[in-house]
Structure formats: C-alpha cells, structure tokens
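Novice:
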C-alpha cells in the first residue's frame with residue numbers, strides 16, 4: 003500500500019476552486035482561481051501568504067489557525083467586517099461557502115455568519131459536511 007492516490011481517486015477529492023476575500027487582514031479584495039492538486043503560495047515576508055491560510059482555516063468551526071479576535075482579522079481601514087468565500091468542487095458537485103462578520107460587528111466581537119449555497123447555515127459546524 004502506498005500513500006499516493008490514484009488519478010481517479012484524486013479526481014474525486016473535494017478541492018477549493020475559488021477563494022475570495024473582502025476586508026480580510028491585508029486584503030481589501032482578492033479573488034483567485036485554484037486548480038486541483040498541490041498549491042504553493044510564494045512571496046516576500048509580510049505579503050499575506052499566511053493570511054490566505056488563516057482565511058481558509060476560518061472555513062471550519064472555531065477561531066482559525068491564529069485564534070485572533072475578529073477585530074484583528076478585519077482589514078485596518080475597512081468597515082470593521084470581513085468576508086471569506088470559497089467554491090468547493092467535489093464528487094457531489096460544486097458548493098459555495100461563505101463566512102464573515104458584518105461591517106462594524108468585529109469590534110464588538112459580533113457573531114460570525116455562515117452561508118452555504120447562498121442560504122444561512124444554522125452554525126459553523128454545518129461547513130464540516132462539505133469539507
């Protein structure tokens with residue numbers, strides 16, 4: 003047995019095909035399309051590579067990989083909120099997942115909202131069904 007998945011198995015794995023950020027850390031707006039397989043982010047120190055990973059980590063229940071207060075995650079100079087959106091492509095077809103805080107809510111540590119395929123989710127745990 004090897005640790006390498008066959009091509010047919012890799013084709014069936016769920017992957018992020020699009021990542022969009024609004025007012026998240028150092029990104030006013032960002033939208034990137036991603037292909038299946040390994041993804042490498044490269045750039046200078048402070049360019050925002052870890053911020054991309056943190057954004058992806060917020061697509062699970064909890065506070066993300068840095069466990070930062072939402073006020074720290076919202077872009078300085080923004081409206082106080084932030085949004086993260088991904089499109090996942092997998093064996094059950096595409097799904098759109100979004101999470102974030104409405105403008106002004108981050109300073110008061112307002113509750114994070116989650117939407118799946120445009121509909122409000124009951125909780126952040128609902129995202130796990132798709133990941």
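Residue numbers (my numbering): 3 to 133.
C-beta: ideal position from N, C-alpha, C; glycine also.
What you are looking at is a predicted structure, and each value in this text was computed from that prediction instead of being measured.
What is the DSSP secondary structure of residue 116, reduced to helix, strand or coil?
Specialist: One-based indexing of the chain shown puts residue 116 at position 114. Looking at residue 116 - three-state DSSP - the assignment turns out to be strand.
Novice: What residue range is occupied by the uninterrupted alpha helix (DSSP H) comprising residue 62?
Specialist: For the purposes of this step, residue 62 is taken as residue 60 along the chain shown, with counting starting at 1. Neither: residue 62 is in no alpha helix (DSSP H) and is coded neither H nor E.
Novice: Can you have a look at residue 18 and say buried or exposed, based on whether 16 or more other CB atoms are within 10 angstroms of its CB?
Specialist: Mapped onto the chain shown, residue 18 falls at position 16. Buried.
Novice: Using 8 Å as the Cβ pair cut-off and three pairs as the minimum, do the segment 119-132 and the segment 41-59 touch?
Specialist: Touching, no, given that fewer than three Cβ pairs across the two stretches are closer than 8 Å.
Novice: Enumerate in chain order the residues of its own chain whose CB-to-CB distance from residue 88 is below 7 Å, with the five nearest sequence positions on each side excluded.
Specialist: For this step, residue 88 is matched to residue 86 along the chain shown. Answer for residue 88: 18, 20, 21, 61 and 99, listed in chain order.
Novice: How big is the Cα-Cα spacing for residue 121 and residue 97?
Specialist: Taking the first residue of the chain shown as position 1, residue 121 is located at position 119. Taking the first residue of the chain shown as position 1, residue 97 is located at position 95. Straight-line Cα distance between these residues: approximately 11 Å.
Novice: Provide the residue(s) that pair with residue 122 in DSSP beta bridges, ordered along the chain.
Specialist: Numbered from its first residue, the chain shown carries residue 122 at position 120. Answer by DSSP bridge pairing, in chain order: 117.
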